[in-house]
Amino acid sequence: GTTGVGQLSFADEPSGSHTLISTTTNGSAASSLDITSGIDSTYKLYMIDVFNANPVVDYPNFQLRLSQGGSFITSSTYDDVYSFMNQTSGSTTESATENGDKIRIGQAVGNQTNEGVHHCRVFLFDPSNTSLDATLRCETVFQSDGDRVYLHTVVGRLESTTAVDGVRFFMSSGNIRAGAIVKLYGVS
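In our numbering, the protein residues as written are 66 to 253.
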């Protein structure tokens with residue numbers, strides 16, 4: 066909107082604060098990046114930032130699973146809806162998965178020097194609520210095919226009302242190169 070004199074006005078930044086709970090950097094190539102502590106009933110909203118999660122092999126999907134009671138869930142109980150776009154074609158692909166064994170948060174990620182997952186942000190909503198299914202929202206920015214930048218936006222759920230206590234990030238094939246950083250925040 067504008068003010069009465071034609072100046073732009075902006076909404077206030079949302080109130081609340083982010084509390085850094087943990088930072089993890091993988092020192093060598095790893096099959097997954099796991100958060101196994103720090104997610105509990107302290108916050109209703111958790112934010113996870115992943116930087117430089119670059120695959121060893123070319124074109125795997127970047128994926129996640131949730132943990133309940135210290136065990137990552139691998140059964141076909143995940144549902145998601147996603148939108149996938151790149152700047153070269155200008156096209157958007159939308160799709161959904163029902164009863165999958167993971168949530169895809171990046172598709173066909175490149176492994177060349179300038180490629181990979183540059184940033185991924187996940188919001189995990191009220192993970193200790195045992196009245197609702199575990200839900201999340203994610204945006205992933207990555208580069209593939211040499212010069213194409215991609216945006217993958219996902220909303221998903223784990224069809225279970227058991228509290229969630231962890232998150233695992235992994236590629237559909239191969240390892241994640243050394244140097245990936247994962248930051249877990251509580252949002253109040």
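Even glycine gets a Cβ: it sits at the ideal position worked out from N, Cα and C.
Asked: Buried versus exposed, by CB contacts within 10 Å (16 or more), His184; Found: exposed
Asked: Close-in-space but distant-in-sequence residues of the same chain around Val232 (CB under 8 angstroms, 5 per side omitted); Found: Asp99, Ile100, Ile104, Ile113, Leu129, Arg130, Leu131, Ser132, Val187, Leu189
Asked: Nearest residue (CA-CA) to Val146, options Val220, Met236, Lys167; Found: Val220
Asked: Residue(s) in a DSSP beta bridge with Asp114; Found: Arg186, Lys248
Asked: Residue from Glu204, Thr227, Leu216 with nearest C-alpha to Ser193; Found: Thr227
Asked: Spatial distance of Ser196 from Asp230 (CA atoms); Found: 15 angstroms
Asked: Closest by C-alpha distance to Ala95, when choosing among Thr88, Ala245, Val252; Found: Ala245
Asked: Simplified DSSP state of Asn151, which is helix, strand or coil; Found: strand
Asked: Ile241 and Cys203 closer than 8 angstroms at C-beta; Found: no
Asked: Chain-order list of residues whose beta-carbon lies under 7 angstroms from that of Ala199 (same chain, five-residue window excluded); Found: Leu131, Pro192, Arg222, Leu223, Ser225, Val229
Asked: Cβ pair Asn164, Gln208 closer than 8 angstroms; Found: no
Asked: Own chain partners of Val214 with C-beta closer than 8 angstroms, once the 5 adjacent residues on each side are dropped; Found: Asn151, Gln152, Val206, Phe207, Gln208
Asked: Under the three-state DSSP convention, the category Val174 falls into; Found: coil
Asked: Heavy atom of the ligand GDP within 7 angstroms of Cys185 beta-carbon; Found: For the structure depicted, the ligand GDP is absent and the ligand set is empty, with no information on it obtainable.
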